[in-house]
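Enquirer: For the sequence shown, the numbering used here gives the first residue as 408, with consecutive numbering after it. For every residue, glycine included, the Cβ atom is placed at its ideal position computed from N, Cα and C. For reference, the structure I am asking about is given below.
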Amino acid sequence: MNPIVEFCISNLANGSQKTLEALERDPNIDVLEYGCLSYCTKCADSLYALVNGEVVQADTAEELTEEIYKFIEENPLF
């Protein structure tokens, strides 16, 4: 089972699109987009994604990508 990373479409427009594109190239991660993930205050303040249901956030797309990989490494599914 692959880790699941979920993005809010509004947050993608705010700058996390680069992270989504990087993760989509990784065959070991399942990436999903939603119209809204109901984390509006986080969405307005920073870039974020849900990784296996947990919020991971950062200030830039590059940092978000790094934080997502770090989270996956520190929190294996098995």
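Is the beta carbon of residue 474 less than 7 Å from the beta carbon of residue 468?
Expert: It is not a contact, given that the beta carbons lie outside the stated cut-off.
Enquirer: By the three-class DSSP mapping on this structure, what secondary structure does residue 433 have?
Expert: Residue 433 falls in the coil class under three-state DSSP.
Enquirer: Since residue 439 and residue 479 should fall inside the 8 Å C-beta cutoff, what is the C-beta to C-beta distance between them, to a whole number of angstroms?
Expert: Contact flag wrong, Cβ pair sits at about 15 Å.
Enquirer: Would you say residue 423 and residue 457 are within 7 Å of each other, going by their C-beta atoms?
Expert: No, they are not a contact pair.
Enquirer: Please go through the same chain and pick out, in chain order, the residues whose beta-carbon is closer than 7 Å to the beta-carbon of residue 408, but skip the five residues on each side of it.
Expert: Answer for residue 408: 484, listed in chain order.
Enquirer: With DSSP run on the structure shown, which of helix, strand or coil describes residue 443?
Expert: Three-state result, residue 443: coil.
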